[in-house]
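Residue 139 in full-length UniProt numbering sits at position 139 of the sequence shown, and the numbers go up by one each step.
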Amino acid sequence: MTPDLSTTVAGIRLSTCIYNASGPRSGSAEALHKIAQSSAGAVLSKSATLLAQDGNPLPRTWQHTEASLNSEGLPNKGIDYYISDETISEILQSDSSKPYMVSLSGKTTADNITMLRKMVGNTKIAAIELNLACPNIIGKPVVGYDMEQMKDILDQVSQIPNLPPMGIKLPPYLDSVQFQQVATLINQYEWIQFVVSINTLGNATAVSVEAGMPYISSNDGFAGLSGPAVKYTALANVRKWRQMLRPNIDVVGVGGIVTGRDVLEFLLCGAAAVQVGTQHWSEGPKCFDRIVQELSDCMKELGHESVTSLVGTLQPWNKAGAAKLRALTKNLNETPVKSSSSSAGGKEGFYPALSAVLLLIVFMLVYDKFTTNGTVPTSREL
């Protein structure tokens, strides 16, 4: 039986629980249309500012197999582009049933409120993701780390009626006091229907020892860290939010997802859906088809029937689970040994045979040389 990969976020049905994060490859209608054509369960726009902007000078990104860094500075086409009927029609085209979501990241609270008012009553926008995780104003903390700023913007959003379903994107948190403060604040607002966690981990840098400088030119080489390196922090944040937020607030996990198995980990920790950012950046929209298939295969192998039945089912550490892990580890360790020993056996038979053939060729060449001269070589001469 094929597992059911559908889910709901803020009451919106997604055909699969996987969609794109707001980031590279999400800035234009053309790029977003490619996502809409894939197995992604929804389409999310680039984080929009009130006016279009080019972002930071190049080079502003860096990629490695285990991590990526970006200091893009939110290049985007401006909010009017992402909410226009023309853009939305170009993105969805024949598949108008796929949810289209818009991400906002205003430079100021006033900018965010202005952008939100532009979307009042817009039924073509399935949901809004308000990004409180980007450092938009130099000298001021990220909104998600400043409880006073955060409360101010959440209060002002509360005054706007008839908005599409809304959620907020959060930065990564590492301190238990911060988790408690943010959870207490979020739980006060009924309009918050989902949280997206995590944004990039700030103040990372990558250095070239050959050139003696950072790989990124903007912001003195400091950038946001994403990719596989942040997955474990992302899993912990998702799990914390599922434990601390109201049950009717969905958690969307993002950070380091590369495979279907990664998705399964986020589901167990409490994510109702996940976003893929860095892998989408490096692999392109075909990553959604691959990851969806891997998730389906993994769930089928483990006997899971649906995504919704998995959400938040991670169990505390227990002896029965530990015994199962030991058995699995033992089997995994034994399998390669048998395989490699069989392979080694093949090599052990191959190399002596090759040596014998080469020795025979040498013997024939030497023998031919000596017989041509009328002599036969002795064993010592060979």
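A virtual CB, placed ideally from N, CA and C, is assigned to each residue, including glycine.
Taken through DSSP and simplified to helix, strand or coil, Ser218 comes out as helix. Taking Pro285 as reference, the option from Ala273, Asp146, Pro24, Leu130 with the minimal CA-CA separation is Pro24. Ranked by Cα distance from Asp85, the options Gly224, Lys118, Gln275 are led by Lys118. Cβ neighbours of Ala126 within its own chain (closer than 8 Å, five residues either side excluded): Ile12, Ala42, Pro99, Tyr100, Met101, Pro164, Pro165. Looking at Pro228, Val274, Gly303, Val142, the one whose alpha-carbon comes closest to that of Val196 is Val274. Taking Gly144 as the centre and dropping the five residues before and after it, the same chain places the C-beta of Leu132, Ala133, Leu170, Pro171 closer than 6 Å to its C-beta, in chain order.
Annotation for Gln181: Met147 place their beta carbon closer than 6 Å to its own, counting only its chain and skipping 5 residues before and after. Residue environment: Trp317 is assigned as exposed (fewer than 16 neighbouring CB atoms within 10 Å of its CB, all protein chains considered). Shown here, Glu72 sits in coil according to DSSP, grouped into three states, outside any helix or strand. In the three-state reduction of the DSSP assignment, Ala48 falls in the strand class.
Among the bridge pairs identified by DSSP, Gly224 is matched with Asn70. Contact between the segment 226-240 and the segment 154-161 is absent: fewer than 3 CB-CB pairs across the two stretches fall below 8 Å.
Buried is the label assigned to Arg60, since at least 16 other Cβ atoms lie within 10 Å of its Cβ.
With respect to the C-alpha of Ala110, the residue from Asp152, Ala183, Gly260 having the closest C-alpha is Asp152. The C-alpha of Ser105 is placed about 14 Å away from the C-alpha of Tyr81.
Judged by DSSP in its simplified three-state form, Arg261 adopts helix. Taking a contact to require three or more Cβ pairs closer than 8 Å, the segment 1-15 and the segment 292-299 qualify as touching. For the 8 Å CB-CB criterion, Ala271 and Val292 do not form a contact. In the displayed model, Trp241 falls within a helix according to three-state DSSP.
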